[in-house]
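Chemist: Be aware that the sequence shown starts at 2, since it is given in my numbering, and climbs by one per residue. From the three backbone atoms N, C-alpha and C, an ideal C-beta is built for every residue, glycine too.
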Amino acid sequence: MMSSLDPQGQTEGRDGDQARSKNYMPNPYHFAENHLSQGLTYNGAIVRKLPVSIDTVTQLKRIRGVSMRSDDIIITAYPKCGTHWVGEMVHMLVRGRTELSAQAKEFHMFEFIEDLGLLDQMESPRLLNSHLYLAHLPEQIVHKKVKLVHLIRNPKDCAVSLYHHWRQLQRPNIDKFTFDNFLKGYTTEGY
Numbered sequence: 002m003m004s005s006l007d008p009q010g011q012t013e014g015r016d017g018d019q020a021r022s023k024n025y026m027p028n029p030y031h032f033a034e035n036h037l038s039q040g041l042t043y044n045g046a047i048v049r050k051l052p053v054s055i056d057t058v059t060q061l062k063r064i065r066g067v068s069m070r071s072d073d074i075i076i077t078a079y080p081k082c083g084t085h086w087v088g089e090m091v092h093m094l095v096r097g098r099t100e101l102s103a104q105a106k107e108f109h110m111f112e113f114i115e116d117l118g119l120l121d122q123m124e125s126p127r128l129l130n131s132h133l134y135l136a137h138l139p140e141q142i143v144h145k146k147v148k149l150v151h152l153i154r155n156p157k158d159c160a161v162s163l164y165h166h167w168r169q170l171q172r173p174n175i176d177k178f179t180f181d182n183f184l185k186g187y188t189t190e191g192y
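1) Just how far apart, CA to CA, sit Gln-60 and Glu-115?
2) Measuring straight from C-alpha to C-alpha, what distance separates Asp-73 and Val-87?
3) In whole angstroms, give me the CA-to-CA distance for Met-90 and Gln-122.
4) Can you tell me the Cβ-Cβ gap for Phe-108 and Leu-133, rounded? I've got them flagged as a contact below 8 Å.
5) Thinking C-beta only, is Lys-148 closer than 7 Å to Ser-71?
6) Buried or exposed, going by whether 16 or more other CB atoms sit within 10 Å of the CB of Asn-155?
7) Quick one: give me the first and last residue of the beta strand (DSSP E) that Val-67 is part of.
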């Protein structure tokens, strides 16, 4: 049975499956472990392991509950679609200076922030970004009328860029991580 998480935060998993952040899916395409689906869905969308030490389901629940401000700006996109560069441009426009952000992009990404309380300490307007689905982002986005900038890139360009990005990160099985395997896994894993 596939695991799922409904909009109210209820989870379902395989019988006896308490460690939901561990991958139990087969890996015939030689993807890095963190790039595989975990067999979880949330609001109808596939969930991947988040890059934090907290269990993925727990972190998604916490992200959904984050308090938003009406002047927040969130840049959302599929990976390798331009969140970094658009984020830098929006940062310059909002701050009124032609200087790059002093902080790494990951400091402002929901999925990389382990202590979400740090968001409360950020000055307004907060510029945040994410590769999560809208269904995984804070519920208050709609109620607080947060500004969303959603980026879309040609899927072919995105796939090629993501393959090369992952290939740079891939250490074991680098020879088996071919573009053909990537494309098969890219479609099979629900990317």
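Modeler: According to the structure shown:
1) 8 Å
2) 15 Å
3) So the two alpha carbons sit approximately 22 Å from each other.
4) The pair is not a contact, with the Cβ atoms about 16 Å apart (cut-off 8 Å).
5) no
6) exposed
7) Here Val-67 belongs to no beta strand (DSSP E), and DSSP marks it neither H nor E.
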